[in-house]
Amino acid sequence: MHIRIDQLTKEYNGNIALDIPSLEIKKGELVGIVGNNGAGKTTLLRLVLDLIGATSGSVEIDGEKVHENHNWKKQTGSFLDEGFLIGFLTPEEYFHFNAETYGLNREETEQKLQEYSRFMSDEILETGKYIRQLSTGNKQKVGIIAAMMVNPPLLLLDEPFNFLDPSSQIIIKNLLREKNRQTGNTMLVSSHNINHLADICTRVILLEKGVIIKDIINTEERRMEEIDKYFNSRA
Amino acid sequence: MFRRSELFEKSLIVILLLFVFAILVLSQLQLAGRMLPVLLQEYFPQRAPAEWVYGLLIPIFAFDFSIRYFFQSLPAQHVRPYLHLPIQSRTLVLYRMMRSWLHPVNLYLPVFFYSFIKMTINPATSSQGSGLLGIVLLVAINQGALMWIKSFQGNKMKTLLPVIIILGGTAIAWSLYTDALMQHSLDMFLGFVNNNLQVFVPVAAIIVLLHLLAFHQMKKGFYQVFENQSPREAIARGRFPEGLLASVPKYGQLWLLEWQLASRSKRSRFNFFGMIPMAIAFSLFIVLGQNTQPETYIVIILMIAGSYGGFHLQNAFSWESHFFDFLATRDIPLKTFIKAKFYFYSIYAAIQLIVLLPFVLWHSLELAMLFVGLFFYATGFGFFFYLWTGVGNSTRLDANGRSSFNMEGVTGIKMAQVMVLFLSVLPFLLIGYILPLPHGSALLFSLTGLIFILTHNSWINGIVRKFEKRKYVKLNLYRQK
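Read top to bottom, the protein sequences are chains A and B.
Be aware that the first sequence starts at 84, since it is given in our numbering, and climbs by one per residue.
Be aware that the second sequence starts at 8, since it is given in our numbering, and climbs by one per residue.
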C-alpha cells in the first residue's frame with residue numbers, strides 16, 4: 084500500500100509536535116522511523132492510523148484520506164502500545180477476535196499463528212493467563228503478532244523491539260525482513276534502536292522535534308553512516 | 008508522611024454524597040437503638056428489652072464477625088507507597104493496623120448501642136459509659152481477630168478455618184446451651200455496666216493478645232503486601248454461553264466480547280451477575296410485602312429504572328477505553344459495536360424481567376404493568392441516556408479495579424448520570440397519578456420506552472456521529488488517563 088502525507092502538522096497547546104510538508108512511502112518499502120524521545124515518531128504513526136486529528140494537512144492510504152473513510156482498516160495491521168490489547172482476553176481469544184475482524188476463520192488463524200511459534204517460545208499460548216497478567220515483554224509480543232498475523236498490506240509498529248529479550252528481538256527483526264521480501268507489504272516501524280533498523284529497513288527517516296531531518300535509502304554500501312554520524316554529533 | 012487521604016481520589020460531589028449517606032446511616036442506627044426497646048416491649052413482652060439484646064451479644068458479635076470476614080480486608084493500597092521508603096516494617100505494620108481500625112464496620116455497633124444503652128440502662132444505678140466501653144471492647148475483639156486471621160494472606164486454609172471454627176462453634180454451642188449462653192452474655196454486660204474488673208480484664212487481655220498475634224503475623228508476612236498486588240486469577244473456561252454467543256451471526260463476536268468484559272473482571276462480574284439475584288430479592292420483597300400500592304415500591308421502581316444494564320452502561324465506553332485504540336484501528340463499525348451492546352443488555356434485562364414478572368403478576372396486576380412499563384423505559388430511554396452521556400464523558404474506569412459504586416474513583420459526573428436516571432421516573436409517576444386513566448404511569452413508561460426502542464437505529468446513528476465528532480478528544484483523554 085502507498086502512503087502519501089501532505090502538509091501534515093500536529094500541534095499540542097501551540098507547540099508543533101509534527102510538521103511534515105510532504106512524504107511518500109511507496110508500496111513494498113520497509114521504512115524505519117528513528118529519533119530521540121519526543122521527536123514525533125508515535126505522533127506520526129497515530130496520525131497515519133487516524134487515532135489523533137491533524138492540525139492541518141492529511142494522510143492518504145492508497146489515495147484515500149484516512150479520516151474520511153475506513154477502507155484502509157481492513158488492509159492495515161498495527162500495534163503501538165497497550166491500548167491495542169484487550170486485557171481480559173487470553174492471547175488465543177485475542178488473536179481469534181483480531182483475526183475475525185480481518186475475515187479470517189479459526190483454522191486460518193491457527194495456521195497463521197504457527198509461523199510465530201518460535202517468537203512466542205511457549206510463553207504466550209496455553210499459559211492459562213489473561214493478557215493483563217502477562218509480562219510487558221509478552222504483551223508486546225501478543226500485540227506484534229496480532230498486527231502481523233493477518234499479513235496486512237500495510238503494517239505499522241511502534242518500538243517493536245522494546246521490552247523484548249535479545250533472542251526475540253532478532254526473531255522479530257528477521258520476521259519483518261522476510262515478510263517484507265516475501266509479500267511486498269509496506270511496513271512502517273519506529274524505533275530507538277538504529278542498528279536493528281539499519282539491518283532490516285530499505286529506507287530510514289530521521290525525525291527530530293517533529294521535522295524530518297534525513298530521509299535515507301539504506302543500502303549495503305551506506306549502512307546508515309549518516310544517521311550514526313548525526314546521533315554521534317549530538318551525544 | 009501518612010497524611011495523604013484516599014478522599015483526594017474522589018470528586019467533591021462524591022465526598023459530599025458519601026458524607027450525607029454516612030450521616031443518614033448513622034442517624035438511622037441511632038433511631039434503631041431508640042426504637043428497638045419500644046418494639047421489643049410491644050412484640051416480645053415476656054422479657055425486658057435489655058435482657059433480650061444483652062443476652063444476644065454472642066450471636067450479634069458472631070454475626071458482626073462474619074460480616075467483617077467478607078467485607079473488611081486489610082488495607083494494602085495505603086501501605087504500598089511506603090514500602091519503597093526507609094521506614095521500619097514495624098511502623099508500617101502499626102500504620103496498617105491503625106488504618107484497618109478506621110474501617111466503618113467498627114462504627115455501626117457502638118452507634119447503635121449508644122442510644123440503646125441510653126434507653127435501657129439506668130444511669131442512677133449503672134454506668135452507661137462503661138456499658139458502651141464494653142461494647143467497644145467487644146468490637147475490638149472482632150477487629151483484632153479479623154486482623155490476625157486476614158494477616159495469613161495467601162493461605163486460604165489458615166484464613167477460612169478459624170472462621171468456620173468460630174462461627175460453627177458459636178452456632179452449635181448456641182443451639183445446645185441457648186439459655187446458659189444468654190445468661191453468660193447478660194452477666195458479661197452487667198459486669199461492664201457495673202465496672203467489674205473481673206469482666207474488663209479478661210476482655211482487655213484477649214484484645215491485647217489478638218492484636219499482638221496480628222502484629223506478629225503481619226510483620227512475618229510483610230512482603231505479601233507487595234506480592235499480592237496481582238493475585239493469580241482463574242481463567243474462565245466455560246463453553247456456555249461463550250460458544251453460543253460466538254455462533255450468533257453478525258453480533259456474535261461482539262456479544263462474546265461484552266460477555267467476557269462483564270464476566271472476567273472483579274467489579275463488573277459482581278455488578279453483572281448481581282442483577283438476577285436482585286430480581287429474585289425484589290420478587291420476594293414484593294410478595295412478602297403484602298402491599299399492592301405502587302408508592303410503597305418507589306425505591307424498588309427507582310432502582311429498576313437505573314439497573315437494567317445500567318451498572319455496566321454507566322461506564323459506557325469507559326471500560327472499553329482501555330482498548331479503544333484497537334477498536335479504532337480495526338474494521339469494527341462503531342454502529343455495529345453500539346448496537347451489539349444495546350441488544351446484549353436488552354436481552355439481559357428481559358431475563359431479569361422474566362424472573363421478576365410471575366411473582367409480581369401473582370401479587371398485583373397494577374404492579375406488574377408498572378414493572379413492564381419500567382422495563383421498556385429503562386431499556387429504551389435508559390440505554391439511550393447512558394450511551395448518549397457516555398459519549399460526552401471521557402472518564403476512564405478500570406473494570407477490574409476502579410468502577411462506579413466502588414468508592415475509590417467514582418466521578419461526580421458518573422454519579423450524577425445514575426441519579427438523573429433514577430429520578431427521571433418521578434415525573435412519570437406524578438403525571439400517571441394525575442391522569443384519569445387506569446395504569447397511567449405504566450402506560451407512560453411503556454410508551455416512552457417503546458418510542459426509544461423502536462427508534463434505536465436512528466439514535467444509535469446519532470451517537471455514532473457524536474462519537475466520531477469527539478473521537479480524537481475522547482481517545483486522547485483516555486490515553487492521558
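Ideal Cβ positions, reconstructed from N, Cα and C, are used throughout, including at glycine.
Close-in-space but distant-in-sequence residues of the same chain around residue i (CB under 8 Å, 5 per side omitted)
i, result
"B/V86", "L99, Y102, R103, R106, V232"
"A/I86", "L106, E107, I108, V131, V142, E143, I144, L237, T269, L271"
"A/L208", "P174, E175, L196"
"B/I467", "K342, I345, K346, F349, L394"
"B/L188", "I65, A180, W181"
"B/V143", "P117"
"B/A57", "P44, T127, I128"
"A/Q158", "M84, I144, D145, P235, P236, L237"
"A/S139", "Q90, L91, T92"
"A/L187", "K195, V233"
Interface partners of residue i on chain B, CB under 8 Å
i, result
"A/L168", "F330, F333"
"A/T138", "The premise fails here: A/T138 is roughly 11 Å from chain B at the closest Cβ pair, so nothing lies under 8 Å."
"A/S319", "The question about residue 319 of chain A has no answer here: the residues shown for chain A are numbered 84 through 318."
"A/K156", "T336, R337, D338"
Per-residue burial, residue i [other beta carbons within 10 Å of its own, 16 or more giving buried]
i, result
"A/D298", "exposed"
"B/D405", "buried"
"B/V45", "exposed"
"A/S273", "buried"
"A/R129", "buried"
"A/F244", "buried"
"B/T132", "exposed"
"B/H223", "exposed"
"B/Y50", "exposed"
"A/S316", "exposed"
"B/R54", "exposed"
"A/Y345", "This structure does not reach residue 345 of chain A, given that chain A is present from 84 up to 318, and the question cannot be answered."
"A/D37", "The first residue shown for chain A is 84 and the last is 318, placing residue 37 of chain A beyond what the model contains."
"B/A375", "buried"
"B/H329", "buried"
"B/Y352", "buried"
Cutoff 7 Å; reference residue i; Cβ partners in own chain excluding five residues on either side
i, result
"B/A212", "none"
"B/L291", "none"
"B/L436", "S448"
"A/K222", "E165, L168, I214"
"B/S96", "K226, F229"
Close Cβ partners of residue i (< 6 Å) along its chain, the five nearest in sequence each way excluded
i, result
"B/H218", "G151"
"A/G170", "I214, R215"
"A/R260", "I283"
"A/D102", "T92, G293, V294"
Whole-Å CB distance - residue i paired with residue j, under 8 Å assumed
i, j, result
"B/L140", "B/F199", "7 Å"
"B/F366", "B/V294", "5 Å"
"A/L217", "A/V117", "Not really, about 28 Å apart at Cβ, beyond 8 Å."
"A/I283", "A/V114", "The pair is not a contact, with the Cβ atoms about 10 Å apart (cut-off 8 Å)."
"B/G397", "B/G456", "In fact, because the Cβ distance is near 19 Å, the residues do not count as touching under 8 Å."
Proximal chain A residues relative to residue i, where beta-carbon distance stays under 8 Å
i, result
"B/N483", "I135"
"B/L320", "In chain order: nothing, as chain A lies at least about 18 Å away."
"B/Q267", "F171, L172, E176"
"B/S272", "F171"
"B/R486", "G166"
Any non-hydrogen atom of the ligand NAD closer than 6 Å to residue i Cβ
i, result
"B/F378", "In the structure shown, the ligand NAD is absent, as is every other ligand, since no ligand is present at all."
Chain B contact residues for residue i, given Cβ-Cβ distances below 9 Å
i, result
"A/F314", "None at all; the shortest Cβ gap to chain B is about 28 Å."
"A/E183", "Q260"
Under 7 Å by beta carbon: chain B residues contacting residue i
i, result
"A/S204", "Those within 7 Å of A/S204 in chain B number zero; the least Cβ separation is about 20 Å."
"A/E151", "Per Cβ cutoff of 7 Å: no residues; A/E151 is ~11 Å from chain B at best."
"A/F180", "Q260, L264"
"A/L132", "T336"
Partners in chain A for residue i, counting only beta-carbon separations shorter than 7 Å
i, result
"B/Y479", "I135, G136"
"B/I339", "T184"
Proximity test, Cβ basis, 7 Å: residue i and chain E
i, result
"B/I283", "Among the protein chains of the structure shown, namely A and B, there is no chain E."
The stretch 169-182 of chain A contacting the stretch 120-128 of chain A, beta-carbon criterion three pairs below 8 Å: no
Are three or more beta carbon pairs between the stretch 137-156 of chain B and the stretch 166-173 of chain B nearer than 8 Å? yes
Are at least three pairs of beta-carbons, each pair with one atom in the stretch 281-289 of chain B and one in the stretch 352-367 of chain B, less than 8 Å apart? Contact between the stretch 281-289 of chain B and the stretch 352-367 of chain B is present, because at least three Cβ pairs lie under 8 Å.
Stretch pair the stretch 119-132 of chain B + the stretch 33-42 of chain B: three plus CB contacts closer than 8 Å: yes
Is the stretch 442-457 of chain B touching the stretch 328-342 of chain B in the sense that three or more CB pairs, one from each, lie closer than 8 Å? Segments in contact, no.
Counting Cβ pairs closer than 8 Å, one from the stretch 458-473 of chain B and one from the stretch 375-392 of chain B, do we hit at least three? yes
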